[in-house]
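Q: When you read off a place in the sequence shown, starting at 1, and then add 23, the result is the number in my numbering.
Cβ coordinates follow ideal geometry from the N, Cα and C atoms, glycine included.
No experiment lies behind these values; they were computed from the predicted model shown.
Can you keep this structure in mind? I'll have questions shortly.
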Amino acid sequence: MQLQVHRGAIQDFAADAIVVNLFQGVTHPGGATGAVDAALGGRIRRLIAAGDFAGRLGESLVLDLDDGAAAPRLVLVGLGPAEAFDLERVRRASASAVRAALARGASHVASIVHGAGIGGLDPTAAAEATALGGLLADYRFEVHKSKPDARSARLTRLSLVSHSVEQLPAIQAGAAAGEALAAGIGLTRDLANQPANTATPSYLAEAAAAIAARHGMQVEAWDRARIVAEGMGALASVAAGGPEEPRFIILRHVPAGMADSAPRVLAGKAVTFDSGGISLKPGLKMGLMKMDMGGGAAVLGAMETIGRLALPLHVVALVAATENMPSGSATKPGDVVRALDGTTIEVLNTDAEGRLVLADALSYAQRLAPAAVVDLATLTGAILVALGNGAAGLFPNDDALAEALLAAGDAAGERLWRLPMWDEPYADMIKSEVADIKNTADSVPALAGSIFGAKFLERFTRYPWAHLDIAGMAWGEGRLPYQAKGATGYGVGLLVTWLRGQAVRPSGAQPAGVRPDAPDASSDEGSGTPAPRGL
Ligand code: BES
Ligand code: MN
Ligand code: ZN
Numbered sequence: 024m025q026l027q028v029h030r031g032a033i034q035d036f037a038a039d040a041i042v043v044n045l046f047q048g049v050t051h052p053g054g055a056t057g058a059v060d061a062a063l064g065g066r067i068r069r070l071i072a073a074g075d076f077a078g079r080l081g082e083s084l085v086l087d088l089d090d091g092a093a094a095p096r097l098v099l100v101g102l103g104p105a106e107a108f109d110l111e112r113v114r115r116a117s118a119s120a121v122r123a124a125l126a127r128g129a130s131h132v133a134s135i136v137h138g139a140g141i142g143g144l145d146p147t148a149a150a151e152a153t154a155l156g157g158l159l160a161d162y163r164f165e166v167h168k169s170k171p172d173a174r175s176a177r178l179t180r181l182s183l184v185s186h187s188v189e190q191l192p193a194i195q196a197g198a199a200a201g202e203a204l205a206a207g208i209g210l211t212r213d214l215a216n217q218p219a220n221t222a223t224p225s226y227l228a229e230a231a232a233a234i235a236a237r238h239g240m241q242v243e244a245w246d247r248a249r250i251v252a253e254g255m256g257a258l259a260s261v262a263a264g265g266p267e268e269p270r271f272i273i274l275r276h277v278p279a280g281m282a283d284s285a286p287r288v289l290a291g292k293a294v295t296f297d298s299g300g301i302s303l304k305p306g307l308k309m310g311l312m313k314m315d316m317g318g319g320a321a322v323l324g325a326m327e328t329i330g331r332l333a334l335p336l337h338v339v340a341l342v343a344a345t346e347n348m349p350s351g352s353a354t355k356p357g358d359v360v361r362a363l364d365g366t367t368i369e370v371l372n373t374d375a376e377g378r379l380v381l382a383d384a385l386s387y388a389q390r391l392a393p394a395a396v397v398d399l400a401t402l403t404g405a406i407l408v409a410l411g412n413g414a415a416g417l418f419p420n421d422d423a424l425a426e427a428l429l430a431a432g433d434a435a436g437e438r439l440w441r442l443p444m445w446d447e448p449y450a451d452m453i454k455s456e457v458a459d460i461k462n463t464a465d466s467v468p469a470l471a472g473s474i475f476g477a478k479f480l481e482r483f484t485r486y487p488w489a490h491l492d493i494a495g496m497a498w499g500e501g502r503l504p505y506q507a508k509g510a511t512g513y514g515v516g517l518l519v520t521w522l523r524g525q526a527v528r529p530s531g532a533q534p535a536g537v538r539p540d541a542p543d544a545s546s547d548e549g550s551g552t553p554a555p556r557g558l
């Protein structure tokens, strides 16, 4: 796939299909669409007048053009009402247009930059969103198919065409960012779509090593013996049920001269298959639990994008990867295990394993003296009850970090919704009779299941931190034009948008969600009491 930016008039551009757009309710199109309409002798205006095209968001119409035209096809795509227009609508419109073109056999698609003209959006952001939507529309997971789906063409070239000389550098920058994001999201989708017999913990470690090799990052992957030797008893207890080797993956992006800066840490739950363990899940849809590594996959995808962007920020990814299987060697309900920071945990339900693997990852993060830590996890079914597929749950211990993540999620079209983390009444839920804490409530029905998980994780954090419960967002039915059925890649856009905001800021200004001086973690490790947050 090639992504290119060209200066010129879209109606003169030679491609298999050219794409222009229309706001809902417009009867006399202006800008590039108006120029195409004029070149076609008013054909677009007549279609609108006849009621054949209204400009609703996602609506698309493919027109065959005369032999004299530079391209054989024109795709007209709706942007919806001008008042509601934003970058998410650009992504969706661009994806709808590319899908329509591919369905008609076009493989080289040329598009105007939706929103950069009359739409009034920042041209860099508009180009990024146009490129991202268009590229993601072509995503498929077909590696296990003997024959690829021949019903539509594959995108070989996406050309962004603008008549504006002044906007060209901005569009070029936006296109490159969109391409970097599409690559990271594609990587996340591939990892999460892979079945559990392919995407094992060691496979994820190899994927991390490949990212490191491509972008000059540092990588380490601890095996079972090392995980046990280091004292990661919580992660090891989840891995105990099966022969598949767990991995604790540490992937570091350290730009020149930034080794001493406090890193932003991305931690991911990567349970490559969650059977529930001895607390076995019912068979119905158990196969879906191959996606229980969606958090870890998002963290790796974000690192791929960060590498491609050469982001000037110290970022460390931690991926806790294991299967959760039942067997004679598996952890049993009632067992007590010891996390890396010394906290003892009563494992009342082996199906609440995500919080166990993250307990060790979050404890490890303390050693990095982080500026901020964000974890992503398909942690609870309860977050699906609360939020469905509309947003991931946001559970922060820090207001400024929460605000920064909420804004990044809105900008990226990957929404978050904040839930409460009050100590009263929630802190008491995790108290155990026999150990420091327990991993599930023993009451039926369980109350506030997602908050329980978050309060459990909070025990292991003594730095600005936020937990994102992405169980409802990592997998989908392909209802958006830039999503296929299966893994969504949720989290990559949000993380990268947040980190870009942390990297570029006026000198001397304090970035949102970060305390001025991260303390030396080794000094207070294991205390379990949150340090005051100096914001
Ligand atoms: N991986 C699941 C959560 C999940 C559910 C992810 C649906 C994606 C879709 C997690 O490990 C789990 O099993 N959670 C339990 C926790 C319970 C035992 C306290 C749950 O949600 O039922
Ligand atoms: Mn589980
Ligand atoms: Zn799980």
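Do D492 and T403 count as a contact pair if the criterion is CB distance below 8 Å?
A: Against a cut-off of 8 Å, the Cβ pair of D492 and T403 comes out as a contact.
Q: Measuring alpha carbon to alpha carbon, tell me which of A384, P448 and E111 ends up nearest L289.
A: When only C-alpha atoms are compared, the closest one is A384.
Q: Mapping the DSSP letters down to three states, classify A290 as helix, strand or coil.
A: Three-state result, A290: strand.
Q: Could you name the residues, in chain order, whose CB is less than 5 Å away from a heavy atom belonging to the ligand BES?
A: Selection output, chain order preserved: D297, D315, N372, D374, A375, G377, T401, T403, G404, T463 and A494.
Q: How many angstroms separate the CA atom of L144 from the CA atom of T367?
A: Looking at the two C-alpha atoms, the distance is approximately 52 Å.
Q: Between the beta-carbon of R1 and the beta-carbon of G436, is there less than 8 Å?
A: There is simply no residue 1 to check, as the chain begins at 24 and stops at 558 in what is shown.
Q: So, at 8 Å on beta carbons, what are the nonlocal neighbours of M240 in its own chain, with the 5 sequence-adjacent residues on each side left out?
A: I234, L274, R275, H276, V277, M326 and G330, listed in sequence order.
Q: Going by the DSSP bridge assignment, what does G156 pair with across the sheet?
A: Paired residues: none, contrary to the question.
Q: At a cut-off of 7 Å, is N347 close to the ligand MN when judged by its beta-carbon and the heavy atoms of the ligand?
A: True, at least one ligand heavy atom lies under 7 Å from that Cβ.
Q: So what does S182 bridge to, in DSSP terms?
A: Partner(s): Q27 and A133.
Q: In the DSSP assignment, find the unbroken beta strand (DSSP E) run with L439 in it and report its ends.
A: Counting along the chain, the beta strand (DSSP E) containing L439 begins and ends at L439 to R441.
Q: Going by CA-CA distance only, name the one from S455, V519, L191 and P52 that's closest to A430.
A: A430 has its Cα closest to that of V519, out of S455, V519, L191 and P52.
Q: Compare the beta carbon distance of L439 and A414 with 8 Å and say whether it is the shorter of the two.
A: Yes, Cβ-Cβ distance for L439 and A414 is below 8 Å.
Q: Considering Cα atoms alone, identify which of V467, W488, L214 and Q25 is closest to A203.
A: Nearest C-alpha to A203: Q25.
Q: When you compare each of M255, V166 and P448 to F483 by their alpha carbons, which one comes out closest?
A: Nearest option by C-alpha distance: M255.
Q: Leaving out five residues on either side along the sequence, give the residues of the same chain with a beta carbon under 8 Å from the beta carbon of V457.
A: Cβ within range, chain order: V359 and E369.
Q: Please state the DSSP three-state secondary structure of N347.
A: Of the three classes helix, strand and coil, the one that applies to N347 here is strand, per DSSP.
Q: Evaluate T328 with the Cβ neighbour count: other Cβ atoms within 10 Å of its Cβ, from every protein chain shown; 16 or more gives buried, anything less gives exposed.
A: Result: buried.
Q: Could you pull the start and end residues of the beta strand (DSSP E) that P218 belongs to?
A: That residue, P218, is in no beta strand (DSSP E); it is neither H nor E in DSSP.
Q: Under three-state DSSP, which class holds R163?
A: Here R163 sits in coil by DSSP.
Q: Tell me, please, which residues DSSP counts as bridged to G103.
A: G103 pairs with F46.
Q: Can at least three beta-carbon pairs, one atom from the stretch 497 to 504 and one from the stretch 416 to 431, be found at a separation below 8 Å?
A: Output reads no: the stretch 416 to 431 does not touch the stretch 497 to 504.
Q: What span of residues does the alpha helix (DSSP H) with G318 cover, start to end?
A: Note, G318: alpha helix (DSSP H), G317 to L332.
Q: Cα separation between Y387 and S117?
A: Their backbone Cα atoms lie some 41 Å apart in a straight line.
Q: Could you check if G280 is buried or exposed, using at least 16 other CB atoms within 10 Å of its CB as the buried criterion?
A: Counting Cβ neighbours within 10 Å, G280 comes out exposed, since fewer than 16 surround it.
Q: Could you tell me which residues DSSP puts in a beta bridge with P419?
A: Partner(s): A489.
Q: Does the stretch 44 to 58 come close enough to the stretch 87 to 104 that 3 or more CB-CB pairs lie under 8 Å?
A: Output reads yes: the stretch 44 to 58 touches the stretch 87 to 104.
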